[in-house]
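In what follows, a structure is listed as structure tokens, so that the remarks can point back to it.
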Amino acid sequence: MLIIEKYNKSRDAEVERLRVKPEQAQFTVDRLGEFILSLKEDEHPHLIIESDQVVGFFVLDFSYSDTYSFSDPKALGVRAFLIDQNHQGLGVASKALSLLPDYVASNYPDFDRLQLTVNCRNKAAYNCYLKCGFEDTGNLYLGGPVGPQHIMQRIAG
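Just so it is clear: in the sequence shown, position 51 is 51 by the UniProt record's numbering, and no numbers are missing.
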């Protein structure tokens, strides 16, 4: 069974053990403990839990539209999405992304859309997002740390 839950400090040790494959490291965050401490009040960390074990992480960004000019206030940003390398290829990301729209609709009803960016070279993530109902807007975000990024979105709920 897979669930999404808000980050809880009691899971810190598990969160610190999350790692992506070396070739994926450039596309996501490292040192999650430090990253979580650096988050602003409107950036909410979440965990992906499978069989009571933390297997993934992401942030829901309530001020996404303040940071990114392509967004609007009804869009909730999905950032820093990652699945631990030992749980990749097992459908965990797809399951979590499939749960996310209803999770957002239930817990954050002020938002009607999910938005994210994914590096143009990160084909596996891009294809996963497409498979899970995200649509490529056809626009690129050029301010990414390691190159251009596709702007993707899907309806929440």
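Backbone N, C-alpha and C fix where the C-beta goes; we use that ideal spot for every residue, glycine too.
Strictly by DSSP, which residues pair up with residue i?
i  : result
K6 : H46
Quick check on DSSP: helix, strand or coil for residue i?
i   : result
Q53 : strand
E41 : coil
Could you tell me whether the region 134–141 touches the region 42–57, where touching means 3 or more Cβ pairs closer than 8 Å? Three or more beta-carbon pairs separated by less than 8 Å are not found between the region 134–141 and the region 42–57, which leaves the two stretches without contact.
Going residue by residue through the UniProt domain "N-acetyltransferase" (2–157), where are the continuous alpha helix (DSSP H) segments of at least 4 residues, counting only ones entirely within it? 12–17, 32–38, 64–67, 92–107, 123–131
Can at least three beta-carbon pairs, one atom from the region 15–26 and one from the region 63–75, be found at a separation below 8 Å? no
Stretch pair the region 33–44 + the region 90–100: three plus CB contacts closer than 8 Å: no
Taking 8 Å as the threshold, find out whether the region 66–84 comes into contact with the region 111–118 through three or more Cβ pairs. They touch, by the three-pair rule.
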